[in-house]
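Right, one structure below, let's go through it.
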Amino acid sequence: EEFGEKFGEDMEEWGENFGKRMEEFGKRFEEQYGQDMEKWGEEYGKQMEEWAKQFEEGGGNWSKQIMTDPHGNKSIIIQGDKKGEFKRVKATKTLRIKIPKGAKTEINVRHGEIKMADAYNVRATLNYSPFTANSIDGGNTLINAAYAPVTVNNWNNGALLVKYIDDCQLNKVNRIDLESNSSNVTINLVDNVAFLSGSFGDIKIREVSDGFNSVRMDLDNTDAFIVIPNSAFTFDFNGKKSTLLYPRSLQLDQQKQNGRVIVKGFNRSSSSNRSFTINAAYSNIKLQ
């Protein structure tokens, strides 16, 4: 009996103490929780307002409505038009890659811009990708480009294939094998050797060095303009339904053969090792 009475008194005291502690804990929790929730609500409201502002600045038909309840809580409602149109945002990604000098490089890019300093034996396939380089070298170089501009400062060696390019600019060419299809190519200076094939486009050579070796052009439905050098060279032209305009300084003889016009001659000397050779069909060529 004494144990029962004692246990009952202890439990009653423990219950009273536990109730007081829980009451104090609940009060502190309510105060702290209320402060935290109030702070969170303010920050969240600011974030939502900023988000809504970005929607408005991003363009499109958007409407914003801010509603505040009696307790000061804010609700932001953003509505768009029925078409659900979004403003397109262009994203630009840039990859910078350092390539050791003399290293072989292989590139395959679509819808990206390529800029190179000096490249050796580079093999590249480029579609809708503007290409710019300071120097291209190496006999195994092969660049196949389409639908975007090509600009090279110094082309020392290699092959270039261009398709459907409105603007291909080569500043100085030492040795090149060029194939152009439905493109416009401009070479500021041919210094040594150029093998040029063109169909359905324009090819311009603004200067040929007096010390050049050879220039050969195979043209089909192409307009070509060439500023010839002052040095001695031999000249051969084989044309089908094509026109050839040339300065009087060239010593040329022509004849017709099987529906083609054959023109042979030279500039300054007939024994020169330097040569100009042009094969043309349905093309217009002007030498200056």
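Note that my numbering has the sequence shown beginning at 1, numbered continuously upward.
Cβ atoms here follow ideal geometry from the backbone N, Cα and C, with glycine treated the same way.
For this session: Could you tell me whether the Cβ atoms of Ser242 and Ser214 are closer together than 9 Å?
Result: On the sequence shown, position 242 is the one that residue 242 refers to. On the sequence shown, position 214 is the one that residue 214 refers to. Going by C-beta atoms, Ser242 is not nearer than 9 Å to Ser214.
Problem set entry | Under 9 Å between C-beta atoms of Ser180 and Val162 | To locate residue 180, count along the sequence shown from 1; it is residue 180. To locate residue 162, count along the sequence shown from 1; it is residue 162. Yes.
Problem set entry | Cutoff 9 Å: Asn273 Cβ touching any chain B Cβ | Absent from the structure is chain B; it holds one protein chain and no more.
Problem set entry | Reduced DSSP secondary structure (H/G/I, E/B, other) of Glu207 | Residue mapping note: residue 207 aligns to position 207 of the sequence shown, counting from 1. Note: Glu207 maps to coil in three-state DSSP.
Exercise. Under 9 Å between the Cβ atoms of Asn140 and Asn121?
Worked result: In the sequence shown, the residue the question calls residue 140 occupies position 140. In the sequence shown, the residue the question calls residue 121 occupies position 121. Yes; because the gap between Cβ atoms is below 9 Å, this pair is in contact.
Exercise. Taking just the CA atoms, how far does Ile205 sit from Pro229?
Worked result: In the sequence shown, residue 229 corresponds to position 229, counting from 1. In the sequence shown, residue 205 corresponds to position 205, counting from 1. Each residue's Cα considered, the two are about 11 Å apart.
For this session: My understanding is that Phe233 touches Phe276, with C-beta atoms under 8 Å, so please give their C-beta distance in whole angstroms.
Result: As a first step, residue 233 is located in the sequence shown; it is residue number 233 there, counting from the start. As a first step, residue 276 is located in the sequence shown; it is residue number 276 there, counting from the start. Indeed, because the Cβ distance is near 6 Å, the residues count as touching under 8 Å.
Exercise. Is it the case that the Cβ atoms of Val227 and Gln288 are separated by a distance below 9 Å?
Worked result: Taking the first residue of the sequence shown as position 1, residue 227 is located at position 227. Taking the first residue of the sequence shown as position 1, residue 288 is located at position 288. Yes, the Cβ-Cβ distance between Val227 and Gln288 is below 9 Å.
For this session: Kindly provide the ranges of any beta strand (DSSP E) runs that are 3 or more residues long and lie completely inside the segment 125–174, ordered along the chain.
Result: 131–137, 142–146, 150–155, 159–163
Exercise. Is DSSP giving Glu106 helix, strand or coil here?
Worked result: Here residue 106 is taken as the residue at index 106 of the sequence shown, counted from 1. Glu106: strand per DSSP, three-state reduction.
For this session: Return the chain-ordered list of same chain residues with a C-beta closer than 8 Å to the C-beta of Asp253, the five sequence neighbours on each side being excluded.
Result: Along the sequence shown, one-based indexing puts residue 253 at 253. These residues qualify, in order along the chain: Val263, Lys264, Gly265.
Exercise. Taking just the CA atoms, how far does Leu219 sit from Asn258?
Worked result: Stepping through the sequence shown from its first residue, residue 258 is reached at position 258. Stepping through the sequence shown from its first residue, residue 219 is reached at position 219. Taking the straight line joining both Cα atoms gives about 19 Å.
Exercise. So what's Glu179 in DSSP terms, helix, strand or just coil?
Worked result: On the sequence shown, position 179 is the one that residue 179 refers to. In the structure shown, Glu179 sits in a strand (DSSP, three-state: E or B).
Exercise. Quick one: what's Ala119 bridged to in DSSP?
Worked result: Along the sequence shown, one-based indexing puts residue 119 at 119. DSSP, once it has assigned bridges, lists Ile136 as partnering Ala119.
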